[in-house]
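Below is one structure, written out as structure tokens; comments come after it.
There are 2 protein chains.
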Amino acid sequence: MRKHEFKDLLNPESVAVVGSTSRNRFYFLRSLVSAGFKGAIYPVNPNVKAAFGYKFYPSLLDVPDKVDLVISEVPARVTPKIMEECIKKEVKCVVVFASGFSESGTEEGVRLEREIVRIARDGGVRIIGPNCLGIYHPEHGLAFRPDLPRDPGPVGFVSQSGGHAINFALMGKVTGLRFSTVVSFGNGCDVDAAEILDYLAEDPKTKIIAVYIEGVRDGRRFFNSLRRAAARKPVVVWKGGRTEVGGRAAASHTGSLAGSPKIWDSVIRQCNAIPVKSFYEMVDTVLAFTFCPRVEGRRVGLVSISGGSSVVNSDYCSEVGLEVPQLSEGARAKLSKAVQSVGTSVANPIDLAGSFMNMNAIKTVFETLKEESVIDSVIFELAVQYPSFYADFIDNPSLSVTFYNMLVEECLKVKEAKPVLIAIPQVAYEDAQRYVRDLFVQAKIPVFPSVERAANALKNIISYYTRGGSAAYSTSECLEPQSR
Amino acid sequence: MRKHEFKDLLNPESVAVVGSTSRNRFYFLRSLVSAGFKGAIYPVNPNVKAAFGYKFYPSLLDVPDKVDLVISEVPARVTPKIMEECIKKEVKCVVVFASGFSESGTEEGVRLEREIVRIARDGGVRIIGPNCLGIYHPEHGLAFRPDLPRDPGPVGFVSQSGGHAINFALMGKVTGLRFSTVVSFGNGCDVDAAEILDYLAEDPKTKIIAVYIEGVRDGRRFFNSLRRAAARKPVVVWKGGRTEVGGRAAASHTGSLAGSPKIWDSVIRQCNAIPVKSFYEMVDTVLAFTFCPRVEGRRVGLVSISGGSSVVNSDYCSEVGLEVPQLSEGARAKLSKAVQSVGTSVANPIDLAGSFMNMNAIKTVFETLKEESVIDSVIFELAVQYPSFYADFIDNPSLSVTFYNMLVEECLKVKEAKPVLIAIPQVAYEDAQRYVRDLFVQAKIPVFPSVERAANALKNIISYYTRGGSAAYSTSECLEPQSR
């Protein structure tokens with residue numbers, strides 16, 4: 065008896081936090097409050113009378129009103145009892161935070177997990193978890209940390225790991241990414257990755273999906289869902305436990321059997337989803353999808369400040385399969401007039417060299433790249449250790465502020481025609497790095513910590529689009545994601 | 065006639081900056097002053113009477129005293145004339161900043177470069193450059209930027225690119241690396257990579273050498289020097305222009321013919337030097353050499369705060385060829401008592417989970433890893449988004465400060481027995497990231513922005529030592545490098 069679809073679980077009118085305790089300073093309760101949950105919140109703990117302005121109830125059954133969602137913080141062995149109470153209260157869904165179920169590898173853990181699944185199926189209540197953090201759904205004010213962005217956005221994330229769910233959501237603060245729905249589903253004994261994927265595929269507010277998965281019980285079902293989702297919007301899949309020892313760790317983490325990474329990668333690709341190998345590659349790729357217009361061509365215009373950077377940035381792009389074509393003769397003629405020519409290459413890569421703070425030269429560079437038909441996208445390595453140093457050096461620190469703001473304007477013009485990706489090397493001038501990054505992020509231009517990572521993310525989205533992947537939104541929508 | 069060896073060029077008693085100009089705000093003059101150059105400085109420019117408290121001379125020949133080193137900022141076409149004056153003044157060495165020589169690909173540029181080489185050879189003056197920044201030798205107060213660390217250290221860097229030379233030197237500020245001698249040698253028409261390598265190989269203050277090279281004119285000579293240097297100390301080689309398009313950029317940058325990357329990598333390895341593919345890999349590897357005791361075993365103890373991180377960190381280590389072995393039974397027994405066991409793995413990787421701020425648990429973890437014979441080194445992923453969040457959450461922000469300082473103490477104890485590498489994920493809590501990084505850097509424990517990068521650097525130094533590479537210093541010296 066499955067009374068509730070996953071989509072019915074995301075907008076509860078009321079939440080009970082069962083087992084809310086001072087030991088963790090009422091973590092989940094406070095997460096809901098911080099996220100601005102607008103419905104009723106009922107903390108349940110027989111040993112607490114009140115905290116944070118909330119009256120506590122001795123048991124779930126004592127809550128006088130209906131309860132849609134239960135977040136259960138009680139230990140594994142008490143969970144079956146709480147499940148029974150949920151059925152009596154006609155709760156739709158229980159998030160089970162406790163670990164100590166099948167992932168523990170013990171007989172008792174396996175038995176307990178079977179038992180809660182049986183209770184749930186018989187009684188028509190859904191389970192997220194166990195061994196999970198549950199739901200971050202900022203639009204409705206659901207959250208599993210008090211410090212996540214409160215505003216929603218276009219990214220959906222299905223994560224078997226609570227830690228990665230927290231980390232990705234937190235990274236929204238520095239990348240500008242915002243989320244529709246993030247689900248940490250842990251052991252996935254009832255609601256699983258496939259079901260969440262099915263939902264995110266249909267959800268009009270989710271434009272891009274990321275998945276962190278350690279293993280699946282029903283491979284056919286998962287890959288069918290993945291294929292359907294990837295036919296509708298970009299899906300980036302990070303497989304944890306790609307190696308023997310990683311697989312061993314996954315077994316004790318979420319009870320997952322890992323499977324061969326080669327098979328995973330090839331099946332993910334067959335589904336037209338994008339396999340990634342690390343947390344940062346996942347974030348970078350989602351970032352490129354979110355803030356770049358659709359792009360199929362591999363020809364990059366590379367702009368940087370030093371000759372040595374031009375050389376190695378060309379290497380980084382070529383090594384991931386991007387092209388760095390020579391510009392047309394017309395474009396080169398225009399650039400050699402504008403950019404200080406000594407020690408400079410303007411054929412592409414473009415070395416700004418001594419013109420690195422000459423705004424007229426830079427305008428010409430960006431205008432030329434915008435119009436140049438042999439260029440499909442632009443990667444600009446903005447090494448702040450030059451402009452920020454120079455502004456200090458000439459005793460005019462505000463110059464760099466003016467300069468950086470003008471750069472953003474120029475990049476926005478290019479973005480009307482093709483993707484622009486910014487790389488800010490993590491070298492020195494850390495305050496300037498952060499300041500400049502935030503300027504570009506506010507302008508919805510994606511920022512990466514190196515040209516290598518920008519190039520790899522760009523390659524990933526190009527591969528998806530050239531295989532016929534559908535852009536989740538048009539260029540104009542892309543330019544205004546709901547992400548800030 | 066080669067009157068002066070490279071080592072004679074590094075300790076000039078007097079420097080003349082010829083062509084020092086207000087257009088670049090007397091950049092090289094001010095770099096020397098900022099670096100604390102203790103000898104005489106003579107700025108030369110017929111159009112300037114005085115600046116920054118310095119009297120300017122109309123020409124080099126007007127300088128009343130002897131001049132050991134000339135930094136020439138004059139344009140390419142004027143350089144031969146300056147060279148002639150240098151010979152008259154019996155200058156030992158000229159750093160030629162100007163570009164517009166052979167790298168320009170023009171007949172005139174090639175002719176000019178031949179001419180200055182001829183003048184130099186005939187007159188017994190050495191040239192660094194042209195198209196370069198010259199020498200950063202903090203011990204003697206030579207520098208090519210005013211914002212580089214003033215204290216010297218164990219790292220030597222031979223760089224065909226001025227930009228990379230600046231970037232690496234600047235990164236000293238955030239990594240704790242310090243430098244003996246950094247030379248940006250540009251086109252290398254006289255002093256070249258081989259000669260600088262020969263010097264650094266012999267220099268007792270240089271413990272580790274890094275090389276950025278785009279191409280060499282005399283391959284046999286370069287690789288002989290590389291082999292000799294790598295027999296004495298670790299040499300990390302980053303080849304720029306590894307790809308066709310990177311090679312094209314290198315040709316216009318330093319006039320270098322790039323050569324096949326595969327051949328380069330294999331010859332570098334044959335020399336027992338360490339090939340790296342990127343700026344960050346170069347920095348990371350030098351960092352590991354500088355702050356890790358000699359290590360030959362590949363067995364890593366992995367510590368992190370979440371189960372998902374344990375899984376993927378195991379993947380990252382395995383994928384570069386490190387091992388993450390299960391701990392001995394005794395060790396596991398000890399750990400399962402100390403670390404909150406629910407949802408936690410203590411077999412290795414070790415997931416601190418809910419014990420992430422329990423100092424007694426953490427002490428046990430580090431003590432155990434220090435003593436555990438199946439573990440050769442430790443990578444600790446310190447995700448500050450947990451402790452720093454938690455300290456705020458419980459309204460006790462100073463708690464995290466105490467906590468981080470205690471962590472450093474524990475890691476220092478492990479380092480008495482084996483290398484400890486810290487990875488601070490770049491997720492959020494950026495102020496905390498920086499604060500914690502600086503704490504570890506001050507303790508001479510290397511910090512990386514991800515476990516991936518820490519693991520790769522560790523793999524690089526292990527490969528070097530297992531191939532019989534000699535540690536440049538013993539463990540005890542390593543624990544006290546001259547780097548801060």
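Residue numbers (the numbering used here), protein chains in the order written: chain A, 65 to 548; chain B, 65 to 548.
Glycine residues also receive a C-beta, built at the ideal position from the N, C-alpha and C atoms.
Using the DSSP secondary-structure output, state which residues sit across from C157 of chain B in a beta bridge.
For C157 of chain B, which the question treats as bridged, DSSP gives the partners B:L133 and B:R190.
Given a cut-off of 8 Å on the beta-carbon distance, is the pair H331 of chain B and L366 of chain B in contact?
Checking the sequence, you will find Val at residue 331 of chain B rather than His. In this structure, L366 of chain B does not lie closer than 8 Å to V331 of chain B by Cβ.
Hey, out of A:V448, A:F512 and A:V222, whose CA is closest to D497 of chain A's CA?
Rather than Asp, the amino acid found at residue 497 of chain A in this sequence is Gln. The option with the nearest alpha carbon to Q497 of chain A is A:V448.
Just reading off the alpha helix (DSSP H) that A104 of chain B is part of, what are its end residues?
Counting along the chain, A104 of chain B falls outside any alpha helix (DSSP H), though it belongs to the beta strand (DSSP E) covering A104 to V108.
Taking A425 of chain A as the reference, give the member of A:I439, A:V410, A:E435 and A:D495 with the closest Cα.
Ranking the options by Cα distance to A425 of chain A, first place goes to A:V410.
Nearest-angstrom Cα distance between G407 of chain A and P513 of chain B?
Per-residue confidence for G407 of chain A stands at a pLDDT of 46, beneath the threshold of 50, marking its modelled position as unreliable; the derived number appears in the next sentence. Cα to Cα, G407 of chain A sits roughly 33 Å from P513 of chain B.
Grouping DSSP H, G and I as helix and E and B as strand, with all else coil, what is T245 of chain B?
Looking at T245 of chain B - three-state DSSP - the assignment turns out to be strand.
Can you look up I151 of chain B in the DSSP assignment and give me helix, strand or coil?
I151 of chain B falls in the helix class under three-state DSSP.
Would you say H228 of chain B faces chain A, with C-beta separation under 8 Å as the test?
Chain A, which has a Cβ nearer than 8 Å to the Cβ of H228 of chain B, makes this yes.
Output yes if chain A places a C-beta closer than 8 Å to the C-beta of G371 of chain B; else output no.
For G371 of chain B, the answer is yes, since a Cβ of chain A falls inside 8 Å of its Cβ.
Taking a cut of 8 Å between CB atoms, which residues from the region 169-201 of chain A lie near chain B?
Result list: N195.
Looking at C253 of chain B: is its Cβ nearer than 8 Å to the Cβ of I199 of chain B?
No, the Cβ-Cβ distance between C253 of chain B and I199 of chain B is not below 8 Å.
Within this structure, are the beta carbons of A104 of chain A and S86 of chain A separated by less than 8 Å?
Not closer than 8 Å, so no.
Quickly, what does DSSP pair K113 of chain A with across the bridge? List them, please.
Answer by DSSP bridge pairing: none, since K113 of chain A is not bridged.
Run through DSSP, which three-state label would S441 of chain B get?
In this structure, S441 of chain B counts as strand in the three-state DSSP scheme.
Out of B:L485, B:V247 and B:A518, which one is the CA nearest neighbour of K71 of chain B?
Nearest option by C-alpha distance: B:V247.
Span of the alpha helix (DSSP H) holding G311 of chain A?
Segment E308 to T318, the alpha helix (DSSP H) holding G311 of chain A.
Could you tell me whether any non-hydrogen atom of the ligand COA is closer than 7 Å to the CB of R517 of chain A?
The model depicted lacks the ligand COA and carries no ligand whatsoever.
Output the distance between the C-alpha atoms of S136 of chain A and T432 of chain B, rounded to the nearest integer angstrom.
Spanning the two alpha carbons is a distance of roughly 35 Å.
Does the Cβ-Cβ distance between G279 of chain B and L241 of chain B come in under 8 Å?
In this structure, L241 of chain B does not lie closer than 8 Å to G279 of chain B by Cβ.
Identify every run of the alpha helix (DSSP H) within the region 359-432 of chain B, keeping only runs that are complete inside it and at least 4 residues long; order them along the chain.
Segments of the alpha helix (DSSP H) lying fully in the region 359-432 of chain B: 371-383 and 393-402.
Consult DSSP for P451 of chain B and reduce its assignment to one of helix, strand or coil.
Note: P451 of chain B maps to helix in three-state DSSP.
Report the neighbours of I458 of chain A on chain B: residues whose CB is nearer than 9 Å to its CB, in chain order.
R89, listed in chain order.
Please list, in chain order, the chain C residues whose beta carbon lies closer than 7 Å to that of T432 of chain B.
The chain inventory of the structure shown lacks chain C, comprising the protein chains A and B.
Tell me where the beta strand (DSSP E) around S78 of chain B begins and ends.
S78 to V82 is the span of the beta strand (DSSP E), which, as asked, contains S78 of chain B.
Can you check which of these residues, A:P210, A:A352, A:K297 and A:V158, is closest to I525 of chain A by C-alpha distance?
For the residues A:P210, A:A352, A:K297 and A:V158, the minimum Cα distance to I525 of chain A belongs to A:A352.
For the alpha helix (DSSP H) holding K479 of chain B, just list the boundary residues, first then last.
S462 to K479 is the span of the alpha helix (DSSP H), which, as asked, contains K479 of chain B.
Am I right that V359 of chain A and S437 of chain A are in contact with their C-beta atoms under 8 Å? What's the rounded C-beta distance?
Between S437 of chain A and V359 of chain A the Cβ distance is about 14 Å, and since that is not below 8 Å, they are no contact.
Leaving out the 5 sequence neighbours to the left and right, which residues in its chain are closer than 6 Å to S520 of chain A when beta-carbon positions are compared?
The sequence given here places Asn at residue 520 of chain A; Ser does not occur at that position. So the qualifying residues of the chain are V384.
Less than 8 Å between the C-beta atoms of K297 of chain B and I260 of chain B, yes or no?
No, these two residues do not count as a Cβ contact at 8 Å.
So with Cβ pairs under 8 Å, would you call K401 of chain B a contact of chain A?
It does not: the Cβ of K401 of chain B has no partner Cβ on chain A nearer than 8 Å.
Using only CA atoms, which one of B:S374, B:A162, B:E445 and B:R292 lies nearest to A313 of chain A?
Minimum Cα distance to A313 of chain A is reached at B:S374.
Hey, could you find the ends of the alpha helix (DSSP H) V505 of chain A is sitting in?
E494 to Q506 is the extent of the alpha helix (DSSP H) around V505 of chain A.
Can you find at least 3 beta carbon pairs, one from the region 177-191 of chain B and one from the region 112-127 of chain B, that sit closer than 8 Å?
Contact between the region 177-191 of chain B and the region 112-127 of chain B is absent, because fewer than three Cβ pairs lie under 8 Å.
Which whole runs of the alpha helix (DSSP H) in the region 250-312 of chain A are 4 residues long or more, in chain order?
The region 250-312 of chain A contains these whole alpha helix (DSSP H) runs: 257-266 and 283-296.
Would you grab the beta carbon distance between K508 of chain A and P357 of chain A for me? Rounded to a whole angstrom, and I think it's under 8 Å.
Between P357 of chain A and K508 of chain A the Cβ distance is about 11 Å, and since that is not below 8 Å, they are no contact.
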